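Read top to bottom, the protein sequences are chains A and B. Every number in the working numbering is 166 more than the matching position in the first sequence, counting from 1. Every number in the working numbering is 7 more than the matching position in the second sequence, counting from 1.
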Amino acid sequence: MSAVSGAPALELVGVSKRYGGVAANRDISLSVARGEIHAIVGENGAGKSTLMSILGGLVRADSGAILIDGREARINSPRDAAALGVGMTRQHFQLVDTMSALDNILLGDEGGALLARGRARLRAKLSGIADETGLAIDLDARAGDLPLGARQRVEILKALARGARVLIFDEPTAVLTPDEASGLFRLMKSLAGKGASILFITHKLGEALGVADRVSVLRAGERVATFDAKGLSAETLAEAMVGQRPPPRAEKPSSAPGEILVEARGMRLRGADGRALLDDVSLSLRAGEIVGVAGVAGNGQSELLEVLAGLRRPNSGTLRVAGLDIDFTRFTPAAARALGVAHIPEDRLKQGVVAGFRADHNAMLGRQREARFGGRWLNPAAITRHCADLMARWDVRPASPGLAISSFSGGNQQKLVFAREIETDPRVLLVGQPTRGVDISAIDAIHRRLTALRGAGKAILLVSAELDEILALSDRALVMRGGRIVGERAPGAANARRDIGLMMAGAAEAAA
Amino acid sequence: MRPAPVFRALAAPLAALAATGFCALAVGENPFGVFAAMVSGALGGAEPLAFTLYYATDFIFTGLAVAVAYRAGLFNIGVEGQSLVAGAGLAMAVLAGGTLPAYAPLVAGVLAAGVFGAAWAAIPGWLQARRGSHVVITTIMFNFVASALLSWLLVDPLRAPGSMQPETRAFAPGARLWKLDDALSALGSPTTGTPLNASFLLALAAAAAVHIYVFRTRAGFEAGVQAANPSAAACAGVDATRVVVRAMALSGLLASGVAVNELLGAQNRLILDFPAGAGYVGIAVALMAGSRPMMVPLAALLFGFLAQGGAELGLDYPRISPQIVVAAQGFAVLVAGAALGSRRLA
């Protein structure tokens with residue numbers, strides 16, 4: 167730990183926060199010096215988001231103190247945070263798509279009833295910031311028209327224009343291409359070089375090691391270690407994060423792929439705005455193989471899953487499932503299910519479960535028409551029993567069928583969704599983001615189940631934003647970009663990771 | 008802070024009381040005298056009580072109608088019009104079956120009311136599910152269409168021959184629902200002179216049936232999923248069109264209870280505007296009950312009390328407009344909504 171002269175720009179002293187019986191943050195102390203990039207890593211549920219919410223004024227800590235430039239600060243609202251020079255760039259951008267970038271930055275700090283003067287002043291200020299940091303964007307473009315990386319820069323400018331000296335980045339690379347991400351890292355370094363202090367939340371160890379000066383590790387709500395990034399190895403960091411050596415990658419016995427269970431040819435899908443969401447997509451899926459679909463979010467993977475699950479009707483193309491030609495006019499989710507196609511949706515809270523409903527009602531979702539639940543007249547005892555059975559087999563905790571599903575952790579919700587979808591022994595499994603928002607032990611359990619299902623002869627299509635997941639599990643990895651499948655690699659091949667990354671970014675399309 | 012359940016249950020009636028009191032004070036009357044007049048007018052004795060229950064009957068039906076649609080994520084504000092069309096169907100069936108023996112016209116009338124009410128509500132449901140026109144808009148417009156339709160029916164095809172009144176001829180004696188007064192006079196007790204009839208029991212049974220539908224049937228479950236999370240419903244293979252059309256049809260079926268109560272229980276003929284706003288009161292009733300079917304009768308009772316008590320008030324206090332009841336209803340709904348909101352936040 168390097169010596170810091172003067173008071174740190176930001177210091178946390180013994181910050182704690184409990185939600186009911188769960189300690190989200192326990193006695194967390196850390197400091198960020200002026201000009202330092204400080205990464206905070208930890209698995210999902212380690213308490214990163216709570217810590218950020220406390221700093222951003224969205225949540226109040228139960229105890230502990232926050233010091234800014236050595237003075238104790240009370241942050242009771244986002245407005246307080248901004249006034250104290252703490253700016254935040256959230257995982258999901260908080261921009262009004264229909265307004266210009268300039269107006270988005272102006273929003274909340276208009277400086278009077280009429281906008282002209284505030285706009286002029288802001289323009290001058292932003293050009294000053296651009297001169298100083300090189301951070302420039304087209305201020306008159308509509309926010310919705312900007313690429314994701316530029317939208318993020320609008321958020322950063324918004325914080326800087328309000329005089330932020332401490333910048334907090336919450337999972338900033340989640341939606342960026344590798345190219346945009348490295349641009350962001352250059353920007354972070356340049357801002358830090360100008361004296362800004364940066365707190366950088368991530369769960370990607372490589373990013374933390376590449377950009378940060380120091381790295382703090384959160385585990386189960388506590389700060390377990392702080393390292394100097396120089397000379398730090400990913401293994402040490404991962405060990406601190408999970409409390410043990412990371413589990414070995416899912417064992418993948420070789421299996422001879424069997425018959426083709428899903429065959430799509432020339433599928434095209436246009437969005438409401440006429441944009442091609444799927445552009446001539448063809449793929450085949452055999453029994454006993456996992457086919458991964460990699461790509462930056464929003465490049466057609468979601469639509470591909472939705473078409474195969476019967477949720478959306480493509481504009482053209484053909485699909486064969488288990489040897490049957492699909493008539494898309496009759497291919498509903500229920501019909502897909504009847505053909506033995508199970509679907510684990512990408513967005514669990516939006517599509518997979520009904521958050522306010524009990525766990526047992528969620529465990530019945532999609533199967534409510536089956537006789538075992540009582541048919542037309544539901545049988546509450548059978549519904550609860552069924553859920554208790556799934557919970558026991560998948561080690562869902564707490565094993566309380568009557569509890570609202572929203573009271574379960576992401577990992578336990580996802581286990582219940584998996585249990586529900588595969589219990590009927592489907593032949594084809596469409597899996598979207600199986601481990602998003604899922605803690606590391608549940609990730610391991612889900613990966614092992616997927617591998618076992620492959621061994622049992624299921625045909626599995628795996629869409630994931632985590633390249634590591636695709637590389638670890640897939641037999642073949644497809645890469646989607648702009649609605650097209652732009653390439654395929656065997657995960658074991660030399661340079662597979664680099665090639666896939668380049669294809670995702672659009673750099674190697676011609677070579678693919 | 009989570010309000011205690013007792014407070015939540017009493018909050019709405021107390022708010023109604025307070026609103027009435029303030030209005031009375033504002034026009035220079037003694038609020039306690041006003042309360043006393045309302046209570047004795049609505050609850051003091053067999054006749055006032057029977058009237059209160061008679062009004063509450065309509066409100067149970069309309070409250071359930073709104074609640075059952077809301078449970079599927081639909082805001083049906085066309086219960087008024089659905090009652091009217093149900094009444095037209097009821098009258099046509101009863102009048103057509105006038106020569107049939109005994110109870111046949113009665114049964115035919117009730118069934119026809121249900122079919123007409125359900126169909127009239129199902130159309131906006133189908134339009135939303137298939138054509139994307141929102142039920143809030145279409146059901147409001149369907150109220151006007153229903154009202155116009157009824158006017159035409161009553162000035163032309165259904166008008167009693169030789170009559171100048173826009174109403175049908177009286178129904179056959181067999182096509183009348185059993186009344187409380189029938190039982191009282193059979194026992195030799197003094198009668199109440201009120202139209203309270205068997206529809207009240209039908210309304211309570213309907214509340215129980217809707218409760219079972221919502222919490223114990225697959226259809227109710229699918230409607231709940233559709234309301235809470237349409238994306239998850241789509242993934243679960245729930246047929247959105249079927250859910251929407253069914254919920255609206257059920258809503259219209261319940262709305263037809265108003266026609267049964269008013270036409271077979273009270274008027275014994277089809278008249279203009281017989282729901283008299285009960286369809287709109289149903290929105291407030293459902294809101295106050297939090298769309299819980301078993302709470303609807305209680306909320307309806309409060310509104311029945313306000314309707315009857317407010318009507319009686321005008322006799323004792325001519326300076327107080329009967330519209331005071333509307334203010335009281337409004338406050339009751341506001342407070343019920345707030346209590347519900349705080350429950351959700353807790």
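Backbone N, C-alpha and C define an ideal beta-carbon position, used for all residues, glycine too. Bear in mind the structure is a predicted one, so any value in this text is a computation, not a measurement.
Below-8 angstroms beta-carbon distance, residue i vs any chain A residue
| i | result |
| --- | --- |
| B/N236 | yes |
| B/T224 | yes |
| B/E174 | no |
| B/Q336 | no |
| B/A339 | no |
| B/G85 | no |
| B/G244 | yes |
| B/V217 | no |
| B/A212 | no |
| B/A354 | An answer regarding residue 354 of chain B cannot be provided, because it is not within the stretch 8 to 353 covered by chain B. |
| B/F68 | no |
| B/V232 | yes |
| B/F228 | yes |
Cutoff 8 angstroms: residue i Cβ touching any chain B Cβ
| i | result |
| --- | --- |
| A/L477 | yes |
| A/R411 | For A/R411, the predicted structure reports a pLDDT of 41, less than 50, and the residue's modelled location is therefore unreliable. A value from the coordinates is still provided. So, not an interface residue. |
| A/K685 | Chain A is shown only over 167 to 678; residue 685 of chain A falls outside these bounds and no answer can be derived. |
| A/G518 | yes |
| A/G532 | yes |
| A/L544 | yes |
| A/A500 | yes |
| A/G690 | As shown, chain A starts at 167 and ends at 678. That puts residue 690 of chain A outside it, with no answer to give. |
| A/G506 | no |
| A/H527 | yes |
| A/H509 | yes |
| A/G522 | yes |
| A/R317 | no |
| A/R496 | no |
Neighbourhood of residue i by C-beta distance below 6 angstroms, restricted to the same chain and skipping five residues each side
| i | result |
| --- | --- |
| A/G576 | G603, V604 |
| A/A358 | G201, I203, I364 |
| B/G132 | V251, V252, M255 |
| B/V60 | Note on identity: in this sequence residue 60 of chain B is Leu, with Val being the wrong assignment. Excluding sequence neighbours, B/L60 sits near L203, F207. |
With 16 other Cβ atoms within 10 Å as the buried cut-off, status of residue i
| i | result |
| --- | --- |
| B/Y77 | buried |
| A/D336 | buried |
| A/T368 | buried |
| B/V34 | exposed |
| A/R245 | exposed |
| B/F151 | exposed |
| B/P112 | buried |
| A/H258 | exposed |
| A/R380 | buried |
| A/W543 | exposed |
| B/F39 | exposed |
For residue i: DSSP bridge partner residues
| i | result |
| --- | --- |
| A/L176 | A/V198, A/I234 |
| A/G598 | A/V629 |
| A/D445 | According to DSSP, A/D445 bridges with nothing at all. |
| B/T224 | A/W543 |
| A/V332 | A/V252, A/S363 |
| A/F393 | A/V381 |
| A/I651 | A/M646 |
| A/E429 | A/S450, A/R486 |
| A/H509 | A/L596 |
| B/L32 | Answer is none; B/L32 lacks a bridge partner. |
Proximal residues to residue i (C-beta, below 8 angstroms), its chain only, five neighbours per side dropped
| i | result |
| --- | --- |
| A/P592 | R503, G506, V507, A508, K624 |
| B/L161 | P173, E174, T175, L277, I278, L279 |
Integer Cβ distance of residue i from residue j, believed to fall under 8 angstroms
| i | j | result |
| --- | --- | --- |
| A/V332 | A/L176 | 5 angstroms |
| A/L471 | A/E512 | 7 angstroms |
| A/T255 | A/I334 | 7 angstroms |
| A/G376 | A/F351 | 7 angstroms |
Contact set for residue i: own chain, Cβ-Cβ below 7 angstroms, skip 5 residues either direction
| i | result |
| --- | --- |
| B/L7 | The question about residue 7 of chain B has no answer here: the residues shown for chain B are numbered 8 through 353. |
| B/N275 | A177, F178, R183 |
| B/E36 | Y324, R326, I327 |
| B/G96 | A119, A120, V122, F123 |
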